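Here is the structure we will look at.
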């Protein structure tokens with residue numbers, strides 16, 4: 001069975017047919033993705049899944065990456081942080097280096113295509129070397145609050161594209177080119193989301209030392225203030241007065257002082273309560289995170305920062321009700337009172353957890369609705385449809 | 397079985413959302429922007445709700461009502477906006493006017509309005525539909541039934557919602573074909589009466605299939 005045929009088993013009824021017909025329309029034209037690297041999460045993770053699938057569909061899709069020296073990468077990081085609103089100022093020299101290294105990349109890479117999608121900051125200035133085709137800047141972050149200086153440098157580059165694509169309308173900065181909105185997606189057949197056999201699930205949970213003798217509350221996410229793991233602990237403590245539950249916080253700690261401080265507080269909480277489990281896992285611990293999400297009774301995503309964290313979609317795909325912070329992409333994923341609840345406070349999270357634990361019949365009902373919602377709105381098949389529709393619209 | 401004079405071509409669609417860089421951070425701005433945005437945007441935030449929530453009937457029925465309830469937390473305005481049936485008005489201009497009138501009248505009884513941060517504002521969008529012809533053509537009622545049961549739900553949206561609101565085909569494409577090509581005026585009338593308000597595309601599909609099945613049974617008797 002071809003890889004794309006496997007998606008027919010999980011995608012919504014009729015979705016593969018429309019995908020194959022749109023792909024047939026794209027045959028004979030070239031689609032090129034350009035990003036800053038092939039490893040890690042974000043756009044690279046999505047492209048590792050999407051590009052081979054487009055090939056399976058008969059679309060001439062390629063993926064090129066830019067590169068440079070350490071100064072180039074340092075400037076890219078600083079520039080992106082400033083575009084995300086951080087108090088960072090890229091140096092003039094660094095910006096010159098960024099432009100110069102991308103000019104070198106432009107000479108080395110094959111940028112000939114009918115539609116070019118440049119992802120985030122690293123390849124954006126390649127647009128200066130465009131010779132044909134339609135070019136789209138695909139922005140995966142929130143740049144609405146970009147620092148003025150960084151935006152003054154970056155905006156003229158973006159406006160050399162034919163269009164921009166953002167994950168949410170509120171992430172877009174004012175631009176002189178059309179701005180489209182495409183939500184990110186999850187790959188249902190990846191290690192992070194594929195079905196796990198019962199034995200495999202039990203083995204992974206045993207390795208992680210997570211027992212299943214009581215209802216499991218789970219939050220997956222970095223131990224940062226934006227993801228509010230301490231707020232989740234406080235919600236758990238309110239719930240714990242009434243229900244014998246276990247809380248698992250799984251994620252990676254940053255290296256900055258604030259993250260280390262939060263991790264220390266979480267460890268301290270876990271030392272005093274054996275039902276709080278803090279698991280430091282690398283970002284590529286996909287099977288482990290998959291197993292934890294499948295073992296959970298209720299999944300939490302109590303972020304307080306704007307962002308398009310796909311944790312709710314992953315959990316919904318596994319048939320779990322999700323209680324999430326009413327911000328950014330989380331609010332787009334959770335259908336309040338249908339697939340879970342949107343909350344704005346620790347107390348709100350605790351209230352909703354108790355509500356579900358006291359009305360257990362809601363858990364499978366919301367879980368089933370969540371799986372169906374994820375199937376229709378957040379699978380990679382929908383994402384491929386969006387990309388091909390963009391191609392049909394902009395490069396017919 | 398009666399053969400159609402023209403086959404029915406099921407057509408699905410993919411919606412490309414486009415942000416308009418038009419935002420409302422409070423209810424007064426919502427009123428102002430409602431009056432000036434393109435009709436495509438009014439359509440996107442009202443009828444488009446059925447495409448965005450294909451499998452579910454969610455609480456608010458349109459994006460304006462949802463925003464008033466979830467972000468502004470003005471339940472009264474949310475309820476007044478939610479009850480607007482976009483299928484009951486003749487034109488999108490009428491729909492715009494009805495929505496604006498509701499917000500205007502609500503504001504008259506309101507002292508101050510709540511100002512929201514940008515991220516929680518109402519961000520106006522519109523959509524471009526990329527149409528994709530699907531599957532084998534239906535040349536009789538049996539083939540139509542098989543196609544209807546299998547097609548992507550976006551085809552139900554395109555033929556039942558978009559055709560009515562944006563193409564001026566008041567009964568929808570299915571009813572039009574049943575009446576003009578298949579000579580089934582009674583079934584066409586039943587299709588035209590299907591209420592798509594506050595339901596999901598899958599439920600609409602289910603109701604259409606029920607009607608076709610009944611017609612097929614009657615034909616067989």
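Protein chains in written order, with my numbering: chain A, 1 to 396; chain B, 397 to 617.
The C-beta atom is built at its ideal place from N, Cα and C for all residues, glycine as well.
None of the values given here were measured: they were computed from a predicted structure.
Could you work out which residues of chain B lie near residue i, taking near to mean beta carbons separated by less than 7 Å?
i: residue 393 of chain A; result: 412, 524, 526
i: residue 174 of chain A; result: 417
i: residue 178 of chain A; result: 414
i: residue 389 of chain A; result: 410, 412, 526
Going by alpha carbons, who is nearest to residue i out of the options?
i: residue 607 of chain B; options: B:538, B:555, B:594; result: B:538
i: residue 343 of chain A; options: A:83, A:315, A:374, A:301; result: A:301
i: residue 400 of chain B; options: B:424, B:491, B:580, B:464; result: B:580
i: residue 185 of chain A; options: A:146, A:135, A:179, A:168; result: A:168
i: residue 560 of chain B; options: B:543, B:589, B:548, B:460; result: B:589
i: residue 328 of chain A; options: A:46, A:105, A:310, A:88; result: A:310
i: residue 405 of chain B; options: B:467, B:554, B:613; result: B:554
i: residue 389 of chain A; options: B:585, B:576, B:527, B:549; result: B:527
i: residue 123 of chain A; options: A:73, A:142, A:289, A:349; result: A:73
i: residue 218 of chain A; options: A:224, A:233, A:207; result: A:233
i: residue 446 of chain B; options: B:459, B:436, B:435; result: B:459
i: residue 160 of chain A; options: A:97, A:361, A:128, A:105; result: A:128
i: residue 358 of chain A; options: A:32, A:143, A:88, A:245; result: A:245
i: residue 12 of chain A; options: A:156, A:392, A:380; result: A:380
i: residue 367 of chain A; options: A:42, A:345, A:314, A:349; result: A:314
i: residue 209 of chain A; options: A:277, A:101, A:256; result: A:277
i: residue 95 of chain A; options: A:152, A:59, A:112; result: A:152
i: residue 521 of chain B; options: A:102, A:110, A:178, A:75; result: A:178
i: residue 187 of chain A; options: A:10, A:196, A:365; result: A:10
i: residue 346 of chain A; options: A:18, A:22, A:60, A:324; result: A:324
i: residue 134 of chain A; options: A:148, A:32, A:285; result: A:32
i: residue 146 of chain A; options: A:25, A:79, A:331; result: A:79
Is there a C-beta anywhere in chain A that falls below 7 Å from the one on residue i?
i: residue 421 of chain B; result: no
i: residue 547 of chain B; result: yes
i: residue 415 of chain B; result: yes
Taking Cβ positions only, does residue i come closer than 7 Å to chain B?
i: residue 205 of chain A; result: no
i: residue 181 of chain A; result: yes
i: residue 58 of chain A; result: no
Which chain B residues sit within Cβ distance under 8 Å of residue i?
i: residue 386 of chain A; result: 410, 412
Which chain B residues sit within Cβ distance under 9 Å of residue i?
i: residue 21 of chain A; result: 408, 528, 529, 530, 531
i: residue 144 of chain A; result: 514, 515
i: residue 170 of chain A; result: 415, 419, 514, 515, 516, 517, 519
i: residue 421 of chain A; result: Residue 421 of chain A is absent from the structure shown; chain A starts at 1 and stops at 396.
Starting from the beta carbon of residue i, find every residue of chain A whose beta carbon is closer than 8 Å, and list them in chain order.
i: residue 466 of chain B; result: 326, 331, 336, 342
Pull up the CB-CB distance for residue i and residue j, whole angstroms please, since I reckon it's below 8 Å.
i: residue 333 of chain A; j: residue 220 of chain A; result: Actually they are not in contact, since the Cβ atoms of residue 333 of chain A and residue 220 of chain A sit about 14 Å apart, beyond 8 Å.
i: residue 339 of chain A; j: residue 373 of chain A; result: 5 Å
i: residue 423 of chain B; j: residue 499 of chain B; result: 6 Å
i: residue 126 of chain A; j: residue 395 of chain A; result: 17 Å between Cβ atoms; not a contact.
i: residue 52 of chain A; j: residue 3 of chain A; result: 7 Å
i: residue 263 of chain A; j: residue 253 of chain A; result: 4 Å
- Message: Closer than 9 Å between beta carbons: that is the criterion. Which residues of the stretch 490 to 524 of chain B meet it against chain A?
- Response: 514, 515, 516, 517, 519, 520, 521, 524
- Query: When you check each C-beta in the stretch 528 to 561 of chain B against every C-beta of chain A, which residues fall closer than 8 Å?
  - Reply: Residues passing the 8 Å Cβ filter: 528, 529, 530, 531, 546, 547, 548, 549, 550, 551.
- Positions along the stretch 318 to 345 of chain A whose CB lies within less than 9 Å of some CB in chain B: 326, 327, 328, 331, 335, 336, 337, 338, 339, 342
- Message: Tell me which residues of the stretch 7 to 32 of chain A have at least one Cβ-Cβ distance to chain B shorter than 8 Å, keeping chain order.
- Response: 12, 13, 14, 15, 17, 18, 21, 22, 25
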